[in-house]
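Structure first, commentary second.
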Amino acid sequence: MTTKLRNIIPVMLVAFFLSFDLAAKPNTENSKQTLEVYQLSYIEREPGTDEYEVTMLVSDRYIRIDEAGEESGYIIYDDKDKVIYSVAHHDKSILVIKEKAFSEDDSPVKAQVEYLELADAPNVSGKAIYNYRVFVKKDKRTEEETCTEIQLVEGLLPEVRGILQNYQKVVSGQQVNMVDNKISEFQDACFYADQVYNNGAYYEKGLPIQEWHSNDRSRILITYDKISIDPAKFKYPESYRQFSIDRESRLPMP
Numbered sequence: 000m001t002t003k004l005r006n007i008i009p010v011m012l013v014a015f016f017l018s019f020d021l022a023a024k025p026n027t028e029n030s031k032q033t034l035e036v037y038q039l040s041y042i043e044r045e046p047g048t049d050e051y052e053v054t055m056l057v058s059d060r061y062i063r064i065d066e067a068g069e070e071s072g073y074i075i076y077d078d079k080d081k082v083i084y085s086v087a088h089h090d091k092s093i094l095v096i097k098e099k100a101f102s103e104d105d106s107p108v109k110a111q112v113e114y115l116e117l118a119d120a121p122n123v124s125g126k127a128i129y130n131y132r133v134f135v136k137k138d139k140r141t142e143e144e145t146c147t148e149i150q151l152v153e154g155l156l157p158e159v160r161g162i163l164q165n166y167q168k169v170v171s172g173q174q175v176n177m178v179d180n181k182i183s184e185f186q187d188a189c190f191y192a193d194q195v196y197n198n199g200a201y202y203e204k205g206l207p208i209q210e211w212h213s214n215d216r217s218r219i220l221i222t223y224d225k226i227s228i229d230p231a232k233f234k235y236p237e238s239y240r241q242f243s244i245d246r247e248s249r250l251p252m253p
């Protein structure tokens, strides 16, 4: 496990277990709402910015992603059509990302996975916490480079994990379509293993509660709850201009 993750796991566990009893119970205070969904709240970190809170609303068909306190836009994922709609209010536009099939066999790197139980971590609802690490060999010897490191609760919330994995596959399909599949200084082996050919296989094991990625982005699940909402939350403005990005018209990648 990387040092970064080891240092913040205790903080994550305290926050997660303090919120768990409340999170496990449905919130039914507002009977006027008609759709029950899971609400997952995360603290996210990335280089050069302050940490921020992100909320996901997850139904059996849709995901909505919002940044707390940010009203510039939001993301909708429609699992039936396998399409992501990224809504931007400032220019009244919607970036549309459609499913594009891809195979990890086409990746220029061969990533490996290490999956180990965290023996000292307390169980969550009787379920164990595991460390899921994606790594690549840096050379022909034994030196490894960690690309992704995830702590997950094995078997937790299968009704949520499936659609989250499908969302990740659509994101990665777009990334695969945007790259030239060549290792370079700015697109190294971990870039391809973690940020391009990432099919979300860890969701098949359990629900991630802490993630670290090779671009130094990380997030911690701080609570989840079952709530009732207005189904209109999963709609996007039909009057906004819609556009897509392909390799020929791609934006510069960060």
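Residue numbers for the sequence shown follow numbering that gives the first Met the number 0, so the first one is 0 and each next one is one higher.
No residue lacks a Cβ here, since even glycine has one placed at the ideal position from N, Cα and C.
All figures in this text were calculated on a predicted structure; none of them were measured in a lab.
Classify residue i as helix, strand or coil using the three-state DSSP reduction.
| i | result |
| --- | --- |
| R60 | coil |
| D138 | coil |
| A200 | helix |
| E66 | strand |
| G72 | strand |
| D193 | helix |
| E52 | strand |
| F233 | helix |
| I162 | helix |
| S85 | strand |
| K99 | coil |
| R246 | coil |
Thinking residue i and residue j are a contact (beta carbons under 8 angstroms), I'd like their distance in whole angstroms, please.
| i | j | result |
| --- | --- | --- |
| V95 | I226 | About 28 angstroms separates the two Cβ atoms, so there is no contact after all. |
| N176 | D245 | 7 angstroms |
| G205 | E153 | 4 angstroms |
| Y201 | L155 | Between L155 and Y201 the Cβ distance is about 12 angstroms, and since that is not below 8 angstroms, they are no contact. |
| E43 | R218 | 4 angstroms |
| P207 | I149 | 5 angstroms |
| F233 | S58 | 7 angstroms |
| Y223 | S106 | Wrong, their Cβ atoms sit about 32 angstroms apart, outside the cutoff. |
| I228 | L34 | 6 angstroms |
Give me, in chain order, the residues of the same chain whose beta-carbon lies closer than 6 angstroms to that of residue i; leave out the 5 immediate sequence neighbours on both sides.
| i | result |
| --- | --- |
| D215 | P46 |
| D78 | R60, I162, N165 |
| Y239 | K91, S92, I93 |
| V112 | V133 |
| T54 | S40, D65 |
| F242 | none |
| K97 | V82 |
| E50 | I42, R44 |
| E116 | A127, Y129 |
Would you list the one or two residues that DSSP bridges to residue i?
| i | result |
| --- | --- |
| P207 | L151 |
| H212 | T147 |
| E35 | S227 |
| R44 | S217 |
| L156 | Answer is none; L156 lacks a bridge partner. |
| I93 | V86, Q241 |
| D77 | Y61, V82 |
Residues in the same chain with beta-carbon distance under 8 angstroms from residue i, minus the five sequence neighbours each way, listed in chain order, please.
| i | result |
| --- | --- |
| H212 | C146, T147, D193, Q194 |
| P236 | V86, K91, I93 |
| K126 | V152, E153, G154, L155, G205 |
Near residue i, what residues of its chain come up, given a Cβ to Cβ distance below 7 angstroms and the 5 sequence neighbours on each side ignored?
| i | result |
| --- | --- |
| D187 | none |
| G172 | E98, K99, A100, F101 |
| K168 | N198, G199 |
| C189 | V135, E144, C146, S213 |
Hey, is residue i's beta-carbon within less than 7 angstroms of any beta-carbon in chain B?
| i | result |
| --- | --- |
| E143 | No chain B appears in this structure, which consists of one protein chain only. |
Next on the checklist: Suppose only complete runs of 3+ residues qualify. What are the beta strand (DSSP E) ranges in the segment 101–136, listed by chain order?
Outcome noted: Residue ranges of uninterrupted beta strand (DSSP E) with 3 or more members, entirely inside the segment 101–136 and ordered along the chain, are 111–116, 128–136.
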